[in-house]
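This report refers to the structure that appears directly beneath it.
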Amino acid sequence: MQAKAREVHVPPVLQDLRAGTAELHIALEKRLPFFSDTLDLQAFERLMRAYYGFYQPLESALQDSGEIPADFDLASRLKAPTLQRDLRALGANGGEFSLCRQLPSIDSAAACLGVLYVLEGSTLGGQILRREIATRLSLGADNGAAFLDIYGVATGRRWRDFIEYLGSRPMDADEREAVVAAAHTTFSCFERWLESQEVLV
128 MQAKAREVHV PPVLQDLRAG TAELHIALEK RLPFFSDTLD LQAFERLMRA
178 YYGFYQPLES ALQDSGEIPA DFDLASRLKA PTLQRDLRAL GANGGEFSLC
228 RQLPSIDSAA ACLGVLYVLE GSTLGGQILR REIATRLSLG ADNGAAFLDI
278 YGVATGRRWR DFIEYLGSRP MDADEREAVV AAAHTTFSCF ERWLESQEVL
328 V
């Protein structure tokens, strides 16, 4: 007799997030130029500038919001410092970086978690992108593409840790709605920003 597959419990908030952001996620992925024939070193640097221009102010807003749950370790998950190091390695030393001003509102712990769902989820896709950029542009963690492999071999575990954390927090329907709304807005703001920086395909 075949052993019955163990059913994996998916927390309601994660079900809501997947349903509420799937369309936006797919639409943005299609427009990112990582697999474009026109992506060269210069275009990659422009793209990473645009990423930094979004991540830096958004992570600052998270830190300044006063809404990060006390038991959540945000510091170990910040990505702007790695992006900044990548840009230095790529030779982007001169001038100011453009920073996004149209950011999602972070007015509750639920909103924080919605924003973080998008930022943490992007690390999974980075694994595929890392291989593509290594092959095409010969870039890796030590010469300008550390952001794409920011957690290294711990990527899967850190994503599972985040999802477990998210699923373990007691939330009512309104809070779940706020998490999804913040994730939705984060995707929208990011796409509009990248569009304004003319780095999408």
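Going left to right, the sequence shown walks through residues 128 to 328 as this note's numbering numbers them.
C-beta: ideal position from N, C-alpha, C; glycine also.
In the structure shown, what three-state DSSP assignment does residue i receive?
i: A310; result: helix
i: K157; result: helix
i: L255; result: It should be pointed out that residue 255 corresponds to Ile in this sequence rather than to Leu. Reduced to three states, the DSSP call for I255 is helix.
i: F199; result: coil
i: A177; result: helix
i: E223; result: coil
i: V368; result: Residue 368 falls outside the range modelled here, since the chain spans only 128 to 328, and no answer is possible.
i: V140; result: helix
i: L205; result: coil
i: E318; result: helix
i: E194; result: coil
i: S187; result: helix
i: L210; result: helix
i: R145; result: helix
i: R215; result: helix
i: L151; result: helix
i: L166; result: coil
Among the candidates the options, whose CA atom is the shortest distance from the CA of residue i?
i: L331; options: L293, L174 and D299; result: This structure cannot settle anything about residue 331, because the visible part of the chain is limited to 128 through 328.
i: F289; options: F199, L256, Q324 and E194; result: F199
i: S163; options: F224, L264 and R296; result: L264
i: A197; options: R176, Y178, A237 and L185; result: A237
i: D213; options: I255, Y244, R228 and L168; result: L168
i: H311; options: L246, Y278 and A268; result: L246
i: I176; options: R215, V140 and A146; result: Position check: residue 176 holds Arg in this sequence, whereas Ile was assumed. When each option's Cα is compared against that of R176, the closest is R215.
i: I260; options: T148, L144 and E172; result: E172
i: P160; options: L256, L226 and T262; result: L256
i: P231; options: C239, S225 and F224; result: C239
i: P208; options: D301, T148, Q254 and A273; result: A273
i: R319; options: T148, L155 and A146; result: L155
i: A309; options: T250, V137 and T148; result: T148
i: V326; options: D269, Y178 and L275; result: Y178
i: Q142; options: V307, L321 and E194; result: V307
If I'm right that residue i touches residue j with Cβ under 8 angstroms, what's the distance once you round it to whole angstroms?
i: S192; j: I233; result: 4 angstroms
i: G218; j: Q324; result: Rounded, the Cβ-Cβ distance is 18 angstroms, inconsistent with contact.
i: R287; j: Y278; result: In fact, because the Cβ distance is near 11 angstroms, the residues do not count as touching under 8 angstroms.
i: V242; j: L189; result: 6 angstroms
i: Y182; j: K206; result: 5 angstroms
i: R158; j: V328; result: 6 angstroms
Can you list, in chain order, the stretches of the beta strand (DSSP E) that have 3 or more residues and sit fully within the stretch 230 to 305? none
Does the stretch 290 to 300 come within contact of the stretch 315 to 324, defined as at least 3 CB pairs closer than 8 angstroms? no
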